[in-house]
Structure formats: structure tokens, C-alpha cells
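Undergrad: Using my numbering, the letters of the sequence shown correspond one by one to residues 1 to 384. Here a beta-carbon is modelled for each residue, glycine too, at the ideal position from N, C-alpha and C.
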Amino acid sequence: MNSLHISCSFDAGAIEVVSLADPQDVRLNIRRDNASDFAQWFYFCLHGAANVPVRLSFLNAGQSAYPKGWEGYRVVCSTDHQNWVRLATEFDGQVMRVALMPESNSVYLAYFEPFSHERHLDLIGSAASSEHVSLQRLGGTVEGRDMTLLRITHASSAMPMALRKKIWLIARQHPGETMAEWFVEGFLERLLDEADPVARVLLDQCVFYVVPNMNPDGAVRGNLRTNAAGANLNREWAAPSLEKSPEVYWVRQKMLEVGVDLSLDAHGDEGLPYNFVAGTEDTPGYNSRIAALAEAFKTSWLAASPDFQTRHGYPRGRHGEANLTVATNWIGQQFDCLAFTIEMPFKDNADLPDPHVGWNGDRSKKLGASVLQPVLAVLDKLRV
Ligand code: ZN
Numbered sequence: 001m002n003s004l005h006i007s008c009s010f011d012a013g014a015i016e017v018v019s020l021a022d023p024q025d026v027r028l029n030i031r032r033d034n035a036s037d038f039a040q041w042f043y044f045c046l047h048g049a050a051n052v053p054v055r056l057s058f059l060n061a062g063q064s065a066y067p068k069g070w071e072g073y074r075v076v077c078s079t080d081h082q083n084w085v086r087l088a089t090e091f092d093g094q095v096m097r098v099a100l101m102p103e104s105n106s107v108y109l110a111y112f113e114p115f116s117h118e119r120h121l122d123l124i125g126s127a128a129s130s131e132h133v134s135l136q137r138l139g140g141t142v143e144g145r146d147m148t149l150l151r152i153t154h155a156s157s158a159m160p161m162a163l164r165k166k167i168w169l170i171a172r173q174h175p176g177e178t179m180a181e182w183f184v185e186g187f188l189e190r191l192l193d194e195a196d197p198v199a200r201v202l203l204d205q206c207v208f209y210v211v212p213n214m215n216p217d218g219a220v221r222g223n224l225r226t227n228a229a230g231a232n233l234n235r236e237w238a239a240p241s242l243e244k245s246p247e248v249y250w251v252r253q254k255m256l257e258v259g260v261d262l263s264l265d266a267h268g269d270e271g272l273p274y275n276f277v278a279g280t281e282d283t284p285g286y287n288s289r290i291a292a293l294a295e296a297f298k299t300s301w302l303a304a305s306p307d308f309q310t311r312h313g314y315p316r317g318r319h320g321e322a323n324l325t326v327a328t329n330w331i332g333q334q335f336d337c338l339a340f341t342i343e344m345p346f347k348d349n350a351d352l353p354d355p356h357v358g359w360n361g362d363r364s365k366k367l368g369a370s371v372l373q374p375v376l377a378v379l380d381k382l383r384v
């Protein structure tokens, strides 16, 4: 029998091996983000275990950033690095355990279906080949990767540029929330589909500003929640700095330059097994106009996709006490506009579960495509 080996020296790879001596008792620790204490993301390759019954224990699962994230959670697994399925997983409040007997001598395990940096570059490249898309490098990350913005509109439609609504979609401020970039991929595919009537109307009447990955350094490093300097980018919007949070600095500067009529910020939630949105109800500037827009948006999204729901979500805080370092709150307050944080599950949608794959990249793409409908529904009322 080959001896076991675990590797994670690849894009977004992350795990710590404690013991590989006994295939029935492989001991692992979930690794922290490179410059902070958040730990939840893992992604590694197990070698040499073809037809060997293996039991893996994640010893420190109970000390991770979101221990409740392991309740009802199942590890994702792939033998071809393309198709990911769920494995039966146990969590006793401290240790998470998974048993498998791989058919192949190399099998990948991860917290969620990865979205690689190469795929990110391919996504930008393929979008930029459309005549409706212009690509702009806003600046660099802490480690010098590109902060890329896609500006998307129909250049020759009748509506004057100044009258077109400015629609922003940003994703992956928290880099381990890969479903957020799958969401963007589905969104862009539909928006650039010349046969889609909703997309055609939107491209005639809007300018879209899309940042597919707000945190490329954290993504490549296999971080859950922070950039290479240890900053949680979704707490940097009040006063970003070029040293600690250049990713937010550049995007925020562009927003101030061109304006925002609607903002969507895509995330994943470790705990709740649902898709939902969180709005700006607790910001000082929240008003009846925004409330009516938010209702119309949610009503339309409910009709567009059974994967979206409004019964489960975050509890509301107290009015006027919102944390204005959070992107959605800062944007909503700054621009007096409709702004949502979109949350997708790491686990599954409990209303429409898929036992084989759980929530995954493909389903995130479908949800991303579906959000064009509520954007269309509120379009005429976005600006005062
Ligand atoms: Zn997040």
C-alpha cells in the first residue's frame, strides 16, 4: 500500500496535517488566514488512498471562526477537480469527521467548490471579449494583483449615458466565499447573452460596474475572510487605506467618481442554509423610498427564483446604529440608494436541497443569472 500524503501547495490550498500515520485516524487542523485568526476555509489533495478506507478528523473545527457552520455541513470532494460532491460529515461540537474510500489515488477535499484565480482571469478575459464590456484596472492589491472592474453597457442605445442607472455588483470581499464569484459568473453570462430580452433592456438603460473578486490575494492564499494584510475588507469602507485595504480604497474611489444607483455585494454564509439579502434598514438615511424599492426587489426575486427566500435571514439591528464600515451600509448611506448584501449558503438551500452536491457553483451561477429580473423590476424607480 502506498503511504498517504496530503498537499495544499496550490491556488487557495489550505490545511495543516497533524498525523498521517494511520489511514483510519488522519488528523488535521484547519489553518488560519495568513495574517489574522479567522479559520474556516480548507482545500487540499489526499494522495495514495485509492480503495483505502480513510477517516479524517478536523481537530480544531470547534475553534474555527464559525463553529455553527459545521452543524449540518458536509465536506465537498472531487476526484477530477471539476465535479464536486458532498460527503457524509459528522461534527460533535469540537471535532469534524469525514470517512471516505476514494476510487482514485488523488482526491480533493474543500470547504466549498473552489473558484480559482485562473478561472477569475478567464472570466474577465471572456467578458472583455464582448463589445459591451470595457475593462479597467483600478489599482493593485496588497500583493500587487490587479483590481479589475468590468464596465458594461450598450454603447449605441438611445438612452443618454447620464440617464443610465449605475448598477454595481461586487463579490468575494471574503475570499473563501467562492460561491460569490460563481454568482458573478452566472450574472455575466446572462447579462452578455444577446438573446436574453431582460439583459438587452438592462444594457440599454444601465451602466453595470462589476468587480468579480474584491480580494484576489486572500483568494489565492486560501483565506476565509481577510486580505494579505489581515484586513476584513467588509469592515474597511468608512476609511480604507492604501496600506491595509487598497482593494476597498480603489473600488470606493471609483464609486465616488461615477455614482451608485443600486449596489449588490455577494457573500456566503457559514451558518444559514438559505439564500437571502440584508439591506440598509439600520442606517441613519434609510427612508420609505428605499424601503419600497427593497420590497419591490425582493418580491420580484421571489418570483424569479425559488432558490431565493425572505423568511430566514439576519436579525435586524436598531435603526440608525448600522455599522457604516460595512460596504452595503456605507454605500446605501453615501448614495441614498438601494443596496443589498446577498448571502448564499455553504451548506445547502434547505427549502430546495440537493443531497448529492448541496449548494454549489452551478446553483450559485443560476441564482446570479436570476438577479437580473429584480434589477429590471426596480429600474425605473432607482433614482429620485
Ligand atoms: Zn462574507
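1. Relative to the C-alpha of Ile152, which candidate in Cys77, Val201, Leu100, Tyr249 has its C-alpha closest?
2. Cβ of Tyr43 within 8 Å of Cβ of Ser78?
3. Shorter than 7 Å, the distance from the beta carbon of Asn234 to the closest heavy atom of the ligand ZN, or not?
4. Given 8 Å as the limit, is there contact between the stretch 294 to 314 and the stretch 367 to 380, that is, 3 or more CB pairs closer than that?
5. Can you list, in chain order, the residues of its chain whose CB lies under 7 Å from that of Leu352, leaving out five sequence neighbours each side?
6. Check whether the Cβ of Gly279 sits closer than 7 Å to any heavy atom of the ligand ZN, and report yes or no.
7. Below 7 Å CB to CB, which residues in the same chain sit around His117 once its five sequence neighbours on both sides are set aside?
8. Going by C-alpha to C-alpha distance, which of Glu270, Leu149, Ala231 sits closest to Met179?
9. Rounded to whole angstroms, what's the CA-CA distance from Asn323 to Gln333? Just pull it up for me.
10. Determine which residues share a DSSP beta bridge with Glu16 and list them.
11. Given a cut-off of 8 Å, decide if Ser300 and Pro374 are closer than it, judged by their beta-carbon atoms.
12. Within the continuous beta strand (DSSP E) that includes Ala278, where are the two ends?
13. Is it true that the stretch 243 to 250 meets the stretch 57 to 76, where meeting means three or more beta-carbon pairs spaced less than 8 Å apart?
14. Say the cut is 7 Å; is the CB of Gln40 nearer than that to a heavy atom of the ligand ZN?
15. The ligand ZN and Gly268: does the residue's C-beta get closer than 7 Å to at least one heavy atom of that ligand?
16. Based on Cα-Cα distance, which residue from Arg145, Phe115, Val17 lies nearest to Trp182?
17. Run through DSSP, which three-state label would Gly72 get?
18. Using alpha carbons as the reference points, say which of Val184, Arg164, Lys165, Leu163 lies closest to Arg172.
19. Would you kindly check if the distance between the Cβ of Thr148 and the Cβ of Ile170 is under 8 Å?
20. Put Met161 into one of helix, strand or coil per three-state DSSP.
21. For the candidate residues Val207, Trp168, Glu103, whose alpha-carbon lies nearest to that of Met159?
22. Identify which residue in Leu135, Ala128, Pro246, Ala162 has its Cα closest to the Cα of Glu189.
23. Can you list the beta strand (DSSP E) stretches of 3 or more residues lying completely in the stretch 296 to 347, in chain order?
24. What residue range is occupied by the uninterrupted alpha helix (DSSP H) comprising Val258?
25. Just to confirm, does Glu464 get its C-beta within under 7 Å of one of the non-hydrogen atoms of the ligand ZN?
26. Could you tell me whether the Cβ atoms of Cys45 and Ser7 are closer together than 8 Å?
27. Please find out if some non-hydrogen atom of the ligand ZN comes closer than 7 Å to the beta-carbon of Glu247.
28. Kindly indicate which three-state DSSP category Val375 falls into: helix, strand or coil?
29. Can you pull the DSSP bridge partners for Leu109?
30. For the ligand ZN, any of its heavy atoms closer than 7 Å to the Cβ of Glu426?
31. Measure the alpha-carbon distance for Leu338 versus Val258 and round it to whole angstroms.
32. In angstroms, rounded to a whole number, what distance separates the CA positions of Pro212 and Asn83?
33. Per DSSP, Val211 is paired with what?
34. Check whether the Cβ atoms of Lys244 and Val277 lie closer than 8 Å to each other.
35. What residue does the beta strand (DSSP E) around Val220 start on, and which one ends it?
36. Only counting the same chain, and skipping five residues up and downstream in sequence, which positions put a Cβ closer than 8 Å to that of Glu90?
TA: To lay it out plainly:
1. Locating residue 152 in the sequence shown gives position 152, where the first residue counts as 1. Taking only the C-alpha atoms, the option nearest Ile152 is Val201.
2. Residue numbering aside, residue 43 sits at position 43 when the sequence shown is read from its first letter. Residue numbering aside, residue 78 sits at position 78 when the sequence shown is read from its first letter. Contact: no.
3. Sequence index remark: in the sequence shown, residue 234 carries index 234 (1-based). True, at least one ligand heavy atom lies under 7 Å from that Cβ.
4. yes
5. Position 352 of the sequence shown, counting from 1, holds the residue named residue 352. Correct list, in chain order: Pro306, Asp307.
6. Against the sequence shown, residue 279 aligns to sequence position 279. Flag unset: Cβ of Gly279 not near the ligand ZN.
7. Locating residue 117 in the sequence shown gives position 117, counting from the first residue. Non-local C-beta neighbours of His117 in its own chain, meaning closer than 7 Å and more than five positions away in sequence, comprise Asp11, Pro216, Ala219, Val220, ordered along the chain.
8. Here residue 179 refers to the residue found at position 179 when the sequence shown is read from its first residue. Out of Glu270, Leu149, Ala231, Glu270 has the C-alpha closest to the C-alpha of Met179.
9. Translated into positions along the sequence shown, residue 323 becomes position 323. Translated into positions along the sequence shown, residue 333 becomes position 333. Taking the straight line joining both Cα atoms gives about 11 Å.
10. Counting from 1 along the sequence shown, the entry for residue 16 is found at position 16. Asn29, per the DSSP bridge assignment.
11. As a first step, residue 374 must be located in the sequence shown, where it is residue number 374. As a first step, residue 300 must be located in the sequence shown, where it is residue number 300. Yes, the Cβ-Cβ distance between Pro374 and Ser300 is below 8 Å.
12. Taking the first residue of the sequence shown as position 1, residue 278 is located at position 278. Note, Ala278: beta strand (DSSP E), 276 to 278.
13. no
14. Position 40 of the sequence shown holds residue 40. The answer is no for Gln40.
15. In the sequence shown, counting from the first residue as 1, residue 268 sits at position 268. Result yes, Cβ under 7 Å from the ligand ZN.
16. If you number the sequence shown from 1, residue 182 lands on position 182. For Trp182, the nearest C-alpha among the options comes from Phe115.
17. In the sequence shown, counting from the first residue as 1, residue 72 sits at position 72. Gly72: coil per DSSP, three-state reduction.
18. Here the question's residue 172 lines up with position 172 in the sequence shown. The shortest C-alpha separation from Arg172 is found at Val184.
19. Within the sequence shown, residue 170 is the residue found at index 170, counting from 1. Within the sequence shown, residue 148 is the residue found at index 148, counting from 1. Their beta carbons are not under 8 Å apart, which means Ile170 does not touch Thr148 by this criterion.
20. The residue given as residue 161 occupies position 161 in the sequence shown. Three-state DSSP puts Met161 in a helix.
21. Mapped onto the sequence shown, residue 159 falls at position 159. Selected option, being the one with the closest Cα: Val207.
22. Looking up residue 189 in the sequence shown gives position 189. Of the candidates Leu135, Ala128, Pro246, Ala162, the one whose C-alpha sits nearest the C-alpha of Glu189 is Ala128.
23. 338 to 345
24. What you label residue 258 is simply residue 258 of the sequence shown in a count that begins at 1. 246 to 258 is the span of the alpha helix (DSSP H), which, as asked, contains Val258.
25. The shown model of the chain, from 1 to 384, leaves out residue 464, and the question about it has no answer.
26. Counted from its first residue, the sequence shown places residue 45 at position 45. Counted from its first residue, the sequence shown places residue 7 at position 7. In this structure, Ser7 lies closer than 8 Å to Cys45 by Cβ.
27. Within the sequence shown, residue 247 is the residue found at index 247, counting from 1. Answer for Glu247: no, Cβ out of range of the ligand ZN.
28. Start at 1 with the first residue of the sequence shown, and residue 375 comes out as number 375. If DSSP states are grouped into helix, strand and coil, Val375 belongs with the helices.
29. As a working mapping, residue 109 is identified with position 109 in the sequence shown. Per DSSP, the beta-bridge partners of Leu109 are Phe44, Cys77.
30. The question about residue 426 has no answer here: the residues shown for the chain are numbered 1 through 384.
31. Residue mapping note: residue 338 aligns to position 338 of the sequence shown, counting from 1. Residue mapping note: residue 258 aligns to position 258 of the sequence shown, counting from 1. Taking the straight line joining both Cα atoms gives about 16 Å.
32. To locate residue 212, count along the sequence shown from 1; it is residue 212. To locate residue 83, count along the sequence shown from 1; it is residue 83. Taking the straight line joining both Cα atoms gives about 22 Å.
33. Looking up residue 211 in the sequence shown gives position 211. The beta-bridge partner set that DSSP reports for Val211 consists of Ile170.
34. For the purposes of this step, residue 244 is taken as the residue at position 244 of the sequence shown. For the purposes of this step, residue 277 is taken as the residue at position 277 of the sequence shown. No, the Cβ-Cβ distance between Lys244 and Val277 is not below 8 Å.
35. Taking the sequence shown and counting its residues from 1, one reaches residue 220 at position 220. Note, Val220: premise wrong, no beta strand (DSSP E); alpha helix (DSSP H) at 216 to 221.
36. Mapped onto the sequence shown, residue 90 falls at position 90. Only Met96, Arg97, Val98 meet the Cβ criterion.
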